[in-house]
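The next block holds one structure in the form of C-alpha cells; read it before the comments.
2 protein chains.
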Amino acid sequence: MPKTTDADLDLRRAILDTTRTLLVREGYSKLSMRRIARALGYSATSIYLYFENKDALFHALIDEGMERLYRVLKASQEGWTDPVERLRAVCARYVRFGLENPEYYELMFMPHPRHMERYPADKYRRARRNLDLVAGALADGAAAGAVVPGDARVQASTLWSALHGAVALVLAQRIDIRVDQEAFLEAAIAHAVGSFLVRS
Amino acid sequence: MPKTTDADLDLRRAILDTTRTLLVREGYSKLSMRRIARALGYSATSIYLYFENKDALFHALIDEGMERLYRVLKASQEGWTDPVERLRAVCARYVRFGLENPEYYELMFMPHPRHMERYPADKYRRARRNLDLVAGALADGAAAGAVVPGDARVQASTLWSALHGAVALVLAQRIDIRVDQEAFLEAAIAHAVGSFLVRS
DNA sequence: CTCGTAGCTTAACGCTGTTAAGTGTTACGC
DNA sequence: GCGTAACACTTAACAGCGTTAAGCTACGAG
Chain S
-2 MPKTTDADLD LRRAILDTTR TLLVREGYSK LSMRRIARAL GYSATSIYLY FENKDALFHA
58 LIDEGMERLY RVLKASQEGW TDPVERLRAV CARYVRFGLE NPEYYELMFM PHPRHMERYP
118 ADKYRRARRN LDLVAGALAD GAAAGAVVPG DARVQASTLW SALHGAVALV LAQRIDIRVD
178 QEAFLEAAIA HAVGSFLVRS
Chain W
-2 MPKTTDADLD LRRAILDTTR TLLVREGYSK LSMRRIARAL GYSATSIYLY FENKDALFHA
58 LIDEGMERLY RVLKASQEGW TDPVERLRAV CARYVRFGLE NPEYYELMFM PHPRHMERYP
118 ADKYRRARRN LDLVAGALAD GAAAGAVVPG DARVQASTLW SALHGAVALV LAQRIDIRVD
178 QEAFLEAAIA HAVGSFLVRS
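So the protein lines, in turn, are chains S and W. Throughout the first sequence, residue numbering follows our numbering, covering -2 to 197 in sequence. Throughout the second sequence, residue numbering follows our numbering, covering -2 to 197 in sequence.
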C-alpha cells in the first residue's frame, strides 16, 4: 500500500492518466505494464509501487470511469419536469457515454470475469450509485403514476441490462450489417424505457 | 490453408474438441496454444498447420457455438401453437444457453473487438441465422396480431440485445448483490418480450 | 559522518503468440 | 530400386508479457 506523500500521489496519478490515454489511443490489447512505463519514462516495476498488479490498476480506472459516468448521468437528469422525459434522457445519456468512450466502457463492463477474479464482486461500489440513480428516476416515475410499480432495484437492473446489451453489441460490432445502427439504438432505448411505462 | 485429407481433418477436429474442453474446464484466460498442444500430445506449432492463428481457432469455435445455439433455439420453438408463448420459449432458451455455457457465450458474444480485429465484421454469418430465427418468431406474432408491427430485423436485434444484456451482466457478475438474480432474469425476459406485445 | 529509508532500477523467471528452419516418413515418376 | 517431392510434424528462436527479488542512489535526521 503506497503512502500518501505528494510525490507518491503524483506518480500514481500520472500512471492512471497515461494508462487512460494509451487505452483510448491504442486499445486494450496493446496495453501492457511495460508500455505504460515507457510512455511515462519509468521502469515497468515502478508501477507495482503504486498498484498491486495490472488488475488493480485497471480496477482503479474502472472506479474513475464509474465516477465519470455518474457525473454525466446526474447532469443529464437535471432540469426535467416530466419524470418520463427525465428517464429517457438518462438512458440516452448512458448509451451515448458507452459509445463515446468505448475503451472505457469495455473496461468497466465487459471484461472477462476470470480476468478480474482477484476482486470480490461487491467491490463495484461506485457502480451502485449509477444503479441507484436509475432506480431513483424509476421511483419518481412510479410516484407520478407514469411508471409501473415494482421493486425499483430489480427494475433498474432490468432497464440497465437492456441498455447495456445495446451498447455492448454495438461496440462489439455484433449488430447485423443489414440493420441500421441508429434505428436499432433508438428502438433499443424506446423499448427499454417503454416497457416500464404505464399505458394510457 | 489446410488440405482436406482425412488425417488433416482428424487433427483439426481434435484441436477444436480439446480447445472447447479446456475452455470449459480452465477458462479463457488459461487457454494458450501451448496448453492446447500439450493436452493433445502435439507441439504448439502444429496448431498453426490447421489454423492461421489463435484468433482463427477461436473463430472456428465461435462458429460451432453459433451452430449449437441455433439448434437449441430451433428445437425450443417447435411444438407451440401460440406465437407469443413460442417467442417467450425462444428467449428463455437463449438466456439459459448463455448461463449454461458461460465460456462459450463469452467467446461468442463478449470478446473485446480489438481482440478479433483481424476478422471482418460480416464474418458472423451463422449468427445471422439466430437473428433470423427470432425475427421469424416476431413476424409470426405480428401476423397473428399479437406483436406490434415494425421492421422484424430491427425488432429482433432489439429483443436480442435486451436478452444479451441480461446474460452478459449476470456472467460478468455485475448484477448488484442486493438484487435477486432469478427475479432479475425473469423480469428481463418478461420486459424484453413484453415491450413487443400488443396490449389488449 | 553514518544510518535509514524513500523511490526507483536492473536482472531474472516462466509464460505467451508466432515464425523459420529442419526432420523424418511416405508416395510417386522413371 | 532410386531420387525427389510432398506431407506432417518438431525444435529453436524471437520479442514480448506480468511479476518478483534484489540492488542502487539520493537525501534527511541524529
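We put the beta carbon where it would ideally sit given N, CA and C, even for glycine.
Cβ neighbours of W252(W) in the same chain (closer than 7 Å, five flanking residues each side left out): Chain W is shown only over -2 to 197; residue 252(W) falls outside these bounds and no answer can be derived.
I172(S): contacting residues in chain W (beta-carbon distance under 7 Å): For this step, residue 172(S) is matched to residue 175 along the first sequence. By Cβ distance, chain W contributes S154.
E75(S): CB within 7 Å of a non-hydrogen atom of the ligand NAD: Although the ligand NAD was asked about, the structure shown includes no ligands whatsoever.
Which of helix, strand or coil DSSP assigns to V195(S): One-based indexing of the first sequence puts residue 195(S) at position 198. DSSP places V195(S) in coil when its eight states are reduced to three.
Within 8 Å, strictly: CB atoms of R17(S) and Y47(S): Here residue 17(S) refers to the residue found at position 20 of the first sequence. Here residue 47(S) refers to the residue found at position 50 of the first sequence. No, these two residues do not count as a Cβ contact at 8 Å.
Given A86(S) as reference, the closest of L96(S), A72(S), N98(S) once Cα atoms are compared: As a working note, residue 86(S) is residue 89 in the first sequence. Ranking L96(S), A72(S), N98(S) by Cα distance to A86(S) puts A72(S) first.
Residue closest to A143(W), alpha-carbon to alpha-carbon, out of V69(W), S192(W), R126(W): If you number the second sequence from 1, residue 143(W) lands on position 146. For the residues V69(W), S192(W), R126(W), the minimum Cα distance to A143(W) belongs to S192(W).
CA-to-CA distance, R93(W) to L168(W), given in whole angstroms: Within the second sequence, the letter at position 171 stands for residue 168(W). Within the second sequence, the letter at position 96 stands for residue 93(W). So the two alpha carbons sit approximately 12 Å from each other.
Which listed residue (A187(S), D148(S), L194(S)) has its alpha carbon closest to that of F181(W): Here the question's residue 181(W) lines up with position 184 in the second sequence. Comparing Cα positions, the closest option is D148(S).
Beta-carbon neighbours of R93(W), restricted to chain S and to distances below 8 Å: On the second sequence, residue 93(W) is found 96 positions in, with the first residue counted as 1. Residues of chain S passing the Cβ test: none, with the nearest at roughly 16 Å.
CB-CB length for V176(S) against S43(W), believed under 8 Å: Residue mapping note: residue 176(S) aligns to position 179 of the first sequence, counting from 1. Residue mapping note: residue 43(W) aligns to position 46 of the second sequence, counting from 1. That belief does not hold up - the Cβ atoms of V176(S) and S43(W) are roughly 40 Å apart, past 8 Å.
Length of the line joining the Cα atoms of L54(W) and G138(S): Here residue 54(W) is taken as the residue at index 57 of the second sequence, counted from 1. Here residue 138(S) is taken as the residue at index 141 of the first sequence, counted from 1. About 49 Å.
Beta-carbon contacts of A189(S) that lie in its chain and below 7 Å, excluding the five residues immediately before and after: What you label residue 189(S) is simply residue 192 of the first sequence in a count that begins at 1. Cβ neighbours of A189(S) beyond the five flanking positions: C88, L156, A159, L160.
Cβ-based neighbour list, R126(W), same chain, cut-off 8 Å, excluding 5 preceding and 5 following: For the purposes of this step, residue 126(W) is taken as the residue at position 129 of the second sequence. For R126(W), where only same-chain residues beyond five positions count, the Cβ hits under 8 Å are M63, Y67.
Chain-ordered chain W contacts of V151(S) [CB-CB under 8 Å]: On the first sequence, position 154 is the one that residue 151(S) refers to. Neighbours of V151(S) on chain W, chain order: V176, D177, A180, F181, A184.
Whole-Å CB distance - I59(W) paired with I33(W), under 8 Å assumed: Taking the first residue of the second sequence as 1, we reach residue 59(W) at position 62. Taking the first residue of the second sequence as 1, we reach residue 33(W) at position 36. With 8 Å as the limit, I59(W) and I33(W) do not qualify as a contact, their Cβ atoms being about 16 Å apart.
Neighbourhood of E61(S) by C-beta distance below 8 Å, restricted to the same chain and skipping five residues each side: On the first sequence, position 64 is the one that residue 61(S) refers to. For E61(S), where only same-chain residues beyond five positions count, the Cβ hits under 8 Å are L13, R17.
Rounded separation between M105(S) and E82(W) - CA only: Walking along the first sequence from the start, residue 105(S) turns up at place 108. Walking along the second sequence from the start, residue 82(W) turns up at place 85. The straight-line gap from Cα to Cα measures roughly 36 Å.
Test: S158(S) CB closer than 8 Å to a CB of chain W: For the purposes of this step, residue 158(S) is identified with residue 161 of the first sequence, where counting begins at 1. It does: the Cβ of S158(S) has a partner Cβ on chain W nearer than 8 Å.
Chain S residues whose Cβ lies nearer than 9 Å to that of R125(W): As a first step, residue 125(W) must be located in the second sequence, where it is residue number 128. Simply D173, R175.
C-beta neighbour in chain W for F55(S), strict 8 Å: The residue labelled residue 55(S) in the question sits at position 58 within the first sequence. No - not a single Cβ of chain W is within 8 Å of the one on F55(S).
Integer-rounded CB distance, given that L28(W) should sit under 8 Å from L20(W): Within the second sequence, numbered from 1, the residue matching residue 20(W) stands at position 23. Within the second sequence, numbered from 1, the residue matching residue 28(W) stands at position 31. With a Cβ gap of about 6 Å, L20(W) and L28(W) count as contacting.
Contact set between R85(W) and chain S, taken where Cβ atoms lie within less than 7 Å: Within the second sequence, residue 85(W) is the residue found at index 88, counting from 1. Here the premise fails: no neighbours, minimum Cβ distance about 14 Å.
Option in Y39(W), E179(W), R35(W), E100(W) with minimal Cα separation from S26(W): Along the second sequence, read from residue 1 onward, the residue named residue 26(W) stands at position 29. Cα-wise, what sits closest to S26(W) is E100(W).
Local Cβ density within 10 Å of V164(S), reported as buried at 16 or more and exposed below that: Taking the first residue of the first sequence as 1, we reach residue 164(S) at position 167. Burial call: buried.
Straight-line Cα distance separating T15(S) from R35(S): On the first sequence, position 38 is the one that residue 35(S) refers to. On the first sequence, position 18 is the one that residue 15(S) refers to. Going from the Cα of R35(S) to the Cα of T15(S) covers about 10 Å.
Beta-ladder partner(s) of V144(W), from DSSP: Locating residue 144(W) in the second sequence gives position 147, counting from the first residue. BP columns for V144(W) point to L194(W).
Beta-carbon gap between A184(W) and V151(S) smaller than 8 Å: For the purposes of this step, residue 184(W) is identified with residue 187 of the second sequence, where counting begins at 1. For the purposes of this step, residue 151(S) is identified with residue 154 of the first sequence, where counting begins at 1. Yes, the pair counts as a contact, with Cβ atoms nearer than the cut-off.
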